[in-house]
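Peer 1: In our numbering, the protein residues as written are 687 to 1159.
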Ligand code: NAD
């Protein structure tokens, strides 16, 4: 039996969490695959300068926070000594290099050809790859564009200064500044603020809107905001940065907001104001691949672009800009190419903010429901009623289920609390499988675990939780 990809050449442009899974799966289907990326090994932003190194540093932060919090239960440690060189070496060699090197080995084992350099379409069957003055032409029958995204920096904040960081600079961990201004209270801003505050930096966060993590449900954000306010030097809401300039040893920052309108000085400034798709300078116009007005590549349900032989997946193909969304799209695109029935129609894409506490949600949120006029019932279980949360001294969480009235189907899940990112997996499974409240509450969850909070939230809907009496709905 011949495999569907036999005799067909596939070029994958970009080797992040969209591109490398696409390349590996396509090789499994028998395609002759070339994976093109500027970096020495596959992994993309996520493994090299995003999800993975940030989680390594957040792990270090949680060790520091936990050691400090242990004082409350009668265990006191000496103040920590931080060997920044060793911490950086661990992150770079034992985490990032290990994982990216592993992907390189898998690529070779799957007979995926790796080509290093920057690729650009020159016609609808050729990508020209340039690296160190050398040119390679990659011929293809089909291509998948998975070029990701990059930081989007507002024009007044674009200054050429080593003291003004983007997320990659912050992750490089070259120093622990005395003061740091984080511009943007979204995913990246709050994760990096958590890291540097743990390392001892006095961190100020400025957020343009009235809420941290704008878009996330207010009841979840409120709990995180409490912890952030406690750990940061200052959190300035409804504030923007008008200008930046180098001054003395640091950066002079002109702030304008509801509470502060003045010029201040910080050692370093991190800009975390969002990301934009990498859809420029790829020669897309020469192959007839259309963009949306926000610069994302237009795709259909199979992730096919306006040029039928070319697909696009991941950040470059639209929001949410999340690694696991890219990986799932890779499957849809490759299965479509292999002639299998496949479509992009997830009911639940989990989102996780790896702060302390973590915030996670999937499926419908209360904000979405309100905006779209969808009627929902909400059942919440506060972690103050959880045995497990009490034993770990973390009763500050909440688990909530959004329920479709009538059918009692779980259509959304929101969690705030340590480990929320792990717990949301069960929520995503429940939403994706169309589970009803009965399915969740009648599934035996191990005791004592935080996973019980999902079951207890379902029980609470019927006021049947043994540990919590809900107010009458
Ligand atoms: P974001 O959209 O999450 O947050 C940007 C924040 O900056 C917003 O709150 C916005 O209101 C604020 N802002 C914008 N301009 C501002 C200004 N001039 N002054 C003050 N505040 C301003 O973007 P991000 O944090 O840069 O992250 C980018 C993307 O990367 C996210 O959309 C996310 O999908 C992805 N990401 C995910 C994770 C994760 O999954 N844990 C972690 C990091 C990044």
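Glycine residues also receive a C-beta, built at the ideal position from the N, C-alpha and C atoms.
1) Which stretch, first to last residue, makes up the alpha helix (DSSP H) that contains residue 800?
2) Can you tell me whether DSSP reads residue 1091 as helix, strand or coil?
3) Are there any heavy atoms of the ligand NAD lying less than 8 Å away from the beta-carbon of residue 1006, as far as the coordinates show?
4) So the alpha helix (DSSP H) residue 743 belongs to, where does it begin and stop?
5) Compute the beta-carbon to beta-carbon distance between residue 1096 and residue 1126, rounded to the nearest angstrom, for a pair I have assumed lies under 8 Å.
6) Around the C-beta of residue 1045, are 16 or more other C-beta atoms found within 10 angstroms, so that it is buried, or is it exposed?
7) For the structure I just gave you, are there three or more beta carbon pairs, one from the segment 789-808 and one from the segment 719-732, closer than 8 Å?
8) Using 8 Å as the threshold, is the segment 788-802 in touch with the segment 942-961, meaning 3 or more CB pairs across them?
9) What do you reckon, is the C-beta of residue 1035 under 8 Å from a heavy atom of the ligand NAD?
10) Using CA coordinates, which residue listed in 918, 844, 996, 845 is at the minimum distance from residue 828?
11) Measure the Cβ-Cβ separation of residue 1013 and residue 728 and say whether it is below 9 Å.
12) Can you confirm whether the segment 1067-1083 touches the segment 1117-1125 when touching is taken to mean that 3 or more C-beta pairs between the two stretches lie within less than 8 Å?
13) Compare the Cα-Cα distances from residue 662 to each of 691, 938, 785, 1121 and report the closest residue.
14) What residue from 862, 913, 902 has the CA that sits closest to residue 770's CA?
15) Looking at residue 889: is its Cβ nearer than 9 Å to the Cβ of residue 697?
16) How big is the Cα-Cα spacing for residue 991 and residue 1114?
17) Taking 8 Å as the line, does the beta carbon of residue 880 fall inside it for any heavy atom of the ligand NAD?
18) Take the Cβ of residue 1077 as the centre, count every other Cβ of all protein chains shown within 10 Å, and call the residue buried at 16 or more, exposed below.
19) Give a single yes or no on whether residue 747 has its beta carbon closer than 8 Å to a heavy atom of the ligand MG.
20) What is the DSSP secondary structure of residue 807, counted as helix, strand or coil?
21) Give a single yes or no on whether residue 982 has its beta carbon closer than 8 Å to a heavy atom of the ligand NAD.
22) Helix, strand or coil for residue 1070? Go by DSSP, reduced to three states.
23) Below 8 Å on the Cβ atoms is my contact criterion, and I expect residue 631 with residue 1105 to pass it. Report the Cβ-Cβ distance as a whole number of Å.
24) Of all the options 1004, 950, 1080, which has the alpha carbon lying nearest to the alpha carbon of residue 942?
25) Does the distance between the C-beta of residue 944 and the nearest non-hydrogen atom of the ligand NAD fall short of 8 Å?
26) Quick check: is any heavy atom of the ligand NAD less than 8 Å from the C-beta of residue 813?
27) Leaving out five residues before and five after residue 1033 in sequence, what residues of the same chain have Cβ atoms less than 7 Å from its Cβ?
28) By the DSSP assignment, the alpha helix (DSSP H) with residue 881 in it spans what residues?
29) Does the beta carbon of residue 926 fall short of 8 Å from some heavy atom of the ligand NAD?
30) Mapping DSSP to helix, strand and coil, what is residue 784?
Peer 2: On the basis of the supplied data:
1) One-based indexing of the chain shown puts residue 800 at position 114. Element bounds for residue 800: not the alpha helix (DSSP H) but the beta strand (DSSP E), 799-802.
2) In the chain shown, counting from the first residue as 1, residue 1091 sits at position 405. Correct three-state label for residue 1091: coil.
3) To locate residue 1006, count along the chain shown from 1; it is residue 320. Yes, the ligand NAD has a heavy atom inside 8 Å of this Cβ.
4) In the chain shown, the residue the question calls residue 743 occupies position 57. That run of the alpha helix (DSSP H) goes 737-755.
5) To locate residue 1096, count along the chain shown from 1; it is residue 410. To locate residue 1126, count along the chain shown from 1; it is residue 440. For residue 1096 against residue 1126, the beta-carbon gap comes to about 6 Å, under 8 Å, which counts as contact.
6) Locating residue 1045 in the chain shown gives position 359, where the first residue counts as 1. Its Cβ being crowded by 16 or more others within 10 Å, residue 1045 is buried.
7) yes
8) no
9) Position 349 of the chain shown, counted from the start, is the residue given in the question as residue 1035. With a cutoff of 8 Å, residue 1035 does not count as near the ligand NAD, since its C-beta is closer than that to no heavy atom of the ligand.
10) Numbered from 1 along the chain shown, position 142 holds the residue referred to as residue 828. Nearest option by C-alpha distance: 996.
11) Your numbering for residue 1013 matches position 327 in the chain shown. Your numbering for residue 728 matches position 42 in the chain shown. Result no, Cβ atoms of residue 1013 and residue 728 do not sit closer than 9 Å.
12) As far as the Cβ criterion goes, the segment 1117-1125 does not touch the segment 1067-1083, which means the pair count is below three.
13) Nothing can be reported for residue 662, as the shown portion of the chain is limited to 687 through 1159.
14) Locating residue 770 in the chain shown gives position 84, where the first residue counts as 1. Ranking the options by Cα distance to residue 770, first place goes to 862.
15) Counting from one through the chain shown, the residue named residue 889 turns up at place 203. Counting from one through the chain shown, the residue named residue 697 turns up at place 11. Contact: no.
16) Along the chain shown, read from residue 1 onward, the residue named residue 991 stands at position 305. Along the chain shown, read from residue 1 onward, the residue named residue 1114 stands at position 428. Their backbone Cα atoms lie some 28 Å apart in a straight line.
17) Position 194 of the chain shown holds residue 880. The answer is no for residue 880.
18) Residue numbering aside, residue 1077 sits at position 391 when the chain shown is read from its first letter. The residue in question, residue 1077, is exposed, as its Cβ has fewer than 16 Cβ neighbours within 10 Å.
19) Absent from the structure shown: the ligand MG. Ligands present: the ligand NAD.
20) For the purposes of this step, residue 807 is taken as residue 121 along the chain shown, with counting starting at 1. Here residue 807 sits in strand by DSSP.
21) Taking the first residue of the chain shown as position 1, residue 982 is located at position 296. Answer for residue 982: no, Cβ out of range of the ligand NAD.
22) Here residue 1070 refers to the residue found at position 384 when the chain shown is read from its first residue. Note: residue 1070 maps to helix in three-state DSSP.
23) Not covered by the structure: residue 631. The range shown for the chain is 687 to 1159.
24) Position 256 of the chain shown holds residue 942. The candidate whose alpha carbon is nearest that of residue 942 is 950.
25) By one-based count along the chain shown, residue 944 stands at place 258. False, no ligand heavy atom lies under 8 Å from that Cβ.
26) Position 127 of the chain shown holds residue 813. Because no heavy atom of the ligand NAD lies under 8 Å away, the Cβ of residue 813 does not count as near it: no.
27) For the purposes of this step, residue 1033 is identified with residue 347 of the chain shown, where counting begins at 1. Correct list, in chain order: 1049, 1117, 1118.
28) In the chain shown, residue 881 corresponds to position 195, counting from 1. That run of the alpha helix (DSSP H) goes 873-885.
29) For the purposes of this step, residue 926 is identified with residue 240 of the chain shown, where counting begins at 1. Yes, Cβ of residue 926 sits closer than 8 Å to a heavy atom of the ligand NAD.
30) By 1-based counting over the chain shown, the position of residue 784 is 98. In the structure shown, residue 784 sits in a helix (DSSP, three-state: H, G or I).
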